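Shown next, in structure tokens, is the structure this report addresses.
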Amino acid sequence: MGIEGLSIGALAEVTGMSKSGVFAHFGSREELQISVIREYHNRFEEEVFLPAIKKPRGMPRLRALFEGWIGRVAAEIDSGCIYISGAVEFDDRPGPVRDALAAMVMTWHGAMTRAIQLAIDTGDLLPDTDSAALLFELHGLILSLHYDARFLRSSTAIVRAHASFDRLVAYYASSAVRQATQEYVSRPAATARAAQPRLSSNSTTPTPQE
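Quick note: to get our numbering, add 587 to the position in the sequence shown (first position is 1).
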């Protein structure tokens, strides 16, 4: 259904409320859509951002953020990530809904950029690392993961996303972190992670179906 499919009538039918009751709560279809986007963003922060910032600054935090991002997208293989599917719906449709969605994506990108900069400041990444370029590349990995896992039903998309992250940060990393990354990906836990099957198609999320 996607964000565009959300309506006062559809929500009233799902919840068993009257249309007038739903309208009194949200005021308009547009406000309903924005409320769903805000709730999605809040849950994204709770599941991805807040656990990651408990990690030490530098590569541990950056890795936790990216792995949490992968985990969130993986959990939404069937429903689709609102940040991604919503961009397709509203890329050429100016208005408050698009603005709300874009603002929340930019907030997340800002958090990732800060984590990259902290990794540079701590010496985990090389001082000449272009934080904007690295964010662009990391976002590209997420888009590839979403496309391959959701559209092509690739059983290896999640494993490839993890492996691509390791290769990417190794390119930008200081020699000490590069060695640590090599040790990380060779650990038994990493091997076990790579052997995990893709999440089953019957997984559910609280997000609207695309």
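C-beta: ideal position from N, C-alpha, C; glycine also. Just so it is clear, the structure is predicted and the values come from calculations on it, not from any experiment.
| Asked | Found |
| --- | --- |
| Can you list, in chain order, the residues of its chain whose CB lies under 8 Å from that of leucine 722, leaving out five sequence neighbours each side? | His696, Met699, Thr700, Ile703 |
| Taking the runs of the alpha helix (DSSP H) that are 4 residues or longer, which of them lie wholly in the segment 723-765? | 744-759 |
| Does DSSP put leucine 712 in a helix, a strand or coil? | strand |
| Considering only their Cβ atoms, is the gap separating valine 660 from histidine 733 smaller than 8 Å? | yes |
| Take valine 692 as the anchor and find which of Ala706, Gly673, Gly682 has the nearest alpha-carbon. | Gly673 |
| Secondary structure at glutamate 663, three-state DSSP: helix, strand or coil? | coil |
| Which of the three DSSP states, helix, strand or coil, is assigned to isoleucine 669? | helix |
| Quick one, are the C-beta atoms of phenylalanine 653 and leucine 725 less than 8 Å apart? | yes |
| Rounded C-beta distance between isoleucine 657 and alanine 748? I'm assuming under 8 Å. | 5 Å |
| Give the secondary structure of glycine 655 by DSSP, where H, G and I count as helix, E and B as strand, and everything else as coil. | helix |
| Which residues in the same chain as threonine 709 place their Cβ atom closer than 6 Å to its Cβ, once the five residues preceding and following it in sequence are excluded? | Arg644, Gly645 |
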